[in-house]
Amino acid sequence: MTNDIENIRAQFPGLRRDVAYLDNAATTQMHQSAINAMNAYIVGGRSNVGRGLYPMAEETMSQYNAARLAVANFVGADGGRCVFTKSVTEGLNVIAFGLRDRLQPGDEILVSVFEHHANLLPWRCIAKERGAIVKTMPMLADFTLDLERAKAMMNDRTKIVAVTMMSNVLGAMLPIAELARCAHEVGAIIVVDAAQAAAHLPIDVVDLGVDALVFGSHKCYGPAGIAAMILSLDLIDSMEPMTVGGGMVDRVTADGATWRQGIEKFEGGSPNVEGAIGFAAALDSISFPDEKLRSRLVADLKSISGVTVFDPPGAVGIVSFTVNGMHPHDVADMLGQRGVCVRAGNHCAAPLVEKLSSTGTLRASLAMYTDERDIEALISNLKEIVKKGKV
Amino acid sequence: MLLEYENLLALANRQSRRGLMADFSTSATAVNASCGDECTVWLKIADDEIVDVSFETKGCVISRASAAAISDAVIGPIGQIGLMNGNSIRSLLGVAVSPLRERCLTTPLKALQDAISKL
Chain A
64 MTNDIENIRA QFPGLRRDVA YLDNAATTQM HQSAINAMNA YIVGGRSNVG
114 RGLYPMAEET MSQYNAARLA VANFVGADGG RCVFTKSVTE GLNVIAFGLR
164 DRLQPGDEIL VSVFEHHANL LPWRCIAKER GAIVKTMPML ADFTLDLERA
214 KAMMNDRTKI VAVTMMSNVL GAMLPIAELA RCAHEVGAII VVDAAQAAAH
264 LPIDVVDLGV DALVFGSHKC YGPAGIAAMI LSLDLIDSME PMTVGGGMVD
314 RVTADGATWR QGIEKFEGGS PNVEGAIGFA AALDSISFPD EKLRSRLVAD
364 LKSISGVTVF DPPGAVGIVS FTVNGMHPHD VADMLGQRGV CVRAGNHCAA
414 PLVEKLSSTG TLRASLAMYT DERDIEALIS NLKEIVKKGK V
Chain B
1350 MLLEYENLLA LANRQSRRGL MADFSTSATA VNASCGDECT VWLKIADDEI
1400 VDVSFETKGC VISRASAAAI SDAVIGPIGQ IGLMNGNSIR SLLGVAVSPL
1450 RERCLTTPLK ALQDAISKL
């Protein structure tokens, strides 16, 4: 096991810095395979896609399409359902704004209390525009989704269920397949934010039965600036694009234009080819974090007097906690000065975090390269900070 | 140089110039959106001069110490407030504060400048 983790860590140049990196829910370190793939593409001569008529452009197109297929396959989809965007946030906005014309006044959009702002604010915006209502599926006292309440909230007014697969604050997992089944029973579309989940467990969009799922590269050991949205064929056909311009038009006349069919409709502008290639390479090398480390982290945090741990049953990869009498920003700053990288604040999920703590939480998040030393560094330094006095 | 929190604790926890002021001239609240911390300031103004100030700060050591340091420094012409920034507060505190904590540092100043702008 020790050799295994050492071999894994050796594939991440970013880990050569002498820190315990536990902010993986924000961004992971990049896998060497992603760096190599992007480097090979760039130094081998790059071109745009879908424009040039020379062999190098054909090679680029081939690499871009291969990357799309690999990224789609990672979540059980075919390449014809995978659209590249610059981020998960952008993908969720594209879907929300693409669906707004389906909404009538009084229609309902269901989100969960666990949503990152990226999967909350776009729905609020389109609801406001269309006179629709955003309702929030609550959680139970153990910080898991109140599934019975969620089911009871779905009715014939429900048009969209937009839900995260894994809380970026708590690591809580949501029962996506069951929510999808219930959403479809009332004729609603289900949109899933898998930004966190993709790096922590296998995903199959067919098994889950979801209409749209979005996940990104930089939380999966690939480059920043690229994400993928997997769409049902119905959504691909019926949604209007948010970005119009080069690369997505079928025909432009003196006073009008028509869009290409299929996924190309959603990729206006020159695409991030090297990002797509790096994304695919990173996914080809991915493994999931050792959840025994999370259990140990939770136990060790709970052993420190004054530390409160938020630990939903079934959670993976992420642990939120607070220190009594100490502001999370101060603790995170002091940990950072000691070489331990965690995040503090509301984690872009203010409605959830406000229910946990009035000043935010500290968050430690694991990756495929996290090992015992990272956990020990956090725990030993946190004990020192707590002992030094309440600030 | 690393920030030594212990150096700021006494200032952050100081009770003077805290809380709602009677007969204040202007007031404003600023929020640090990244964590939800907030700071409210009350000012008493006479002849374009700040003659009294009080803060109420819900936040980290840096934001609370910043509010206390600012409250010591701003008695005088209101024109000086527009010239203050994060580095001014660093000088008042006498410690290094990371640029990553800029909003912690400047939330009280934002409240102060918003209160002045209401006049």
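So the protein lines, in turn, are chains A and B.
Here the first sequence is numbered in the working numbering, starting from 64 and rising by one per residue.
Here the second sequence is numbered in the working numbering, starting from 1350 and rising by one per residue.
Don't be surprised by glycine CBs; every beta carbon is placed ideally from N, CA and C.
As the structure is a computational prediction, the values presented were derived from the model and not from experiment.
Exposure label - residue i; buried when at least 16 CB within 10 Å
i, result
"G380/A", "buried"
"I442/A", "buried"
"L398/A", "buried"
"T316/A", "exposed"
"N387/A", "exposed"
"P265/A", "exposed"
"L1468/B", "exposed"
"L1351/B", "Residue placement at L1351/B cannot be trusted, given a pLDDT of 45 that sits under 50; the coordinates are not used to answer."
"I299/A", "buried"
"G1428/B", "exposed"
"N1362/B", "exposed"
"R314/A", "exposed"
"P168/A", "exposed"
"R1450/B", "buried"
"M119/A", "exposed"
"K328/A", "buried"
"V276/A", "For clarity, residue 276/A is Leu in the given sequence; the question names Val instead. Classification for L276/A: buried."
"E463/A", "With chain A running from 64 to 454 in the structure shown, residue 463/A is simply not present."
"Y117/A", "exposed"
Given residue i as reference, the closest of the options once Cα atoms are compared
i, options, result
"D1421/B", "R1366/B, N1362/B, A1359/B and L1358/B", "R1366/B"
"V382/A", "P414/A, S348/A and L419/A", "L419/A"
"R406/A", "L425/A, A413/A and W186/A", "L425/A"
"G272/A", "A290/A, D313/A, V138/A and E122/A", "V138/A"
"H392/A", "T1375/B, M1433/B and R1413/B", "R1413/B"
"D1372/B", "W1391/B, P1448/B and S1383/B", "W1391/B"
"M200/A", "L242/A, G319/A, L162/A and A159/A", "L242/A"
"R18/A", "G310/A, L237/A and S333/A", "Nothing about residue 18/A can be read from this structure; chain A reaches only from 64 to 454."
"F384/A", "A345/A, A140/A and V232/A", "V232/A"
"M302/A", "R357/A, V416/A, R163/A and E248/A", "R163/A"
"G1368/B", "T1389/B, V1380/B and N1381/B", "T1389/B"
"E153/A", "M292/A, L360/A, R314/A and D297/A", "M292/A"
"P1457/B", "A1359/B, L1358/B and I1430/B", "I1430/B"
"D347/A", "L360/A, A261/A and G325/A", "A261/A"
"V249/A", "A190/A, S428/A, V224/A and H263/A", "V224/A"
"I189/A", "E171/A, A88/A, V336/A and G308/A", "E171/A"
"G423/A", "Y432/A, A395/A and R401/A", "A395/A"
Residue i vs residue j beta-carbon contact at 8 angstroms
i, j, result
"K149/A", "G331/A", "no"
"H390/A", "V1423/B", "no"
"A135/A", "R144/A", "yes"
"V174/A", "G279/A", "no"
"N409/A", "V403/A", "no"
"P286/A", "A73/A", "no"
"I349/A", "C283/A", "yes"
"M228/A", "D256/A", "yes"
"S1403/B", "L1442/B", "no"
"R165/A", "K222/A", "yes"
"I1399/B", "I1419/B", "no"
"G1385/B", "A413/A", "yes"
"M93/A", "G77/A", "yes"
Test: residue i CB closer than 8 angstroms to a CB of chain B
i, result
"G408/A", "yes"
"D270/A", "no"
"V454/A", "Here the model assigns V454/A a pLDDT of 46, short of 50, so the residue's position is not dependable, and the following value carries that caveat. Taking Cβ atoms only, chain B reaches closer than 8 angstroms to V454/A, which makes this a yes."
"H179/A", "no"
"T90/A", "no"
"A413/A", "yes"
"D86/A", "no"
"M236/A", "no"
"D396/A", "yes"
C-beta neighbour in chain A for residue i, strict 8 angstroms
i, result
"R1363/B", "no"
"G1385/B", "yes"
"C1388/B", "no"
"S1374/B", "no"
"R1367/B", "no"
"V1402/B", "no"
"S1447/B", "yes"
"R1439/B", "no"
Heavy atom of the ligand ATP within 7 angstroms of residue i beta-carbon
i, result
"H281/A", "Among the components of this structure there are no ligands whatsoever, and the ligand ATP is therefore not found."
Which residues, in chain order, does the region 379 to 394 of chain A contribute to contact with chain B at a C-beta distance below 8 angstroms?
Result list: H390, P391, H392 and D393.
Which of the residues in the region 301 to 325 of chain A, read from start to end, lie with their CB under 8 angstroms from any CB of chain B?
none
Taking any Cβ of chain B, which residues in the region 419 to 447 of chain A have a Cβ under 8 angstroms from it, in chain order?
Those residues of the region 419 to 447 of chain A that come within reach of chain B (Cβ to Cβ, closer than 8 angstroms) are S421, T422 and G423.
Which of the residues in the region 1408 to 1436 of chain B, read from start to end, lie with their CB under 8 angstroms from any CB of chain A?
G1408, C1409, V1410 and I1411
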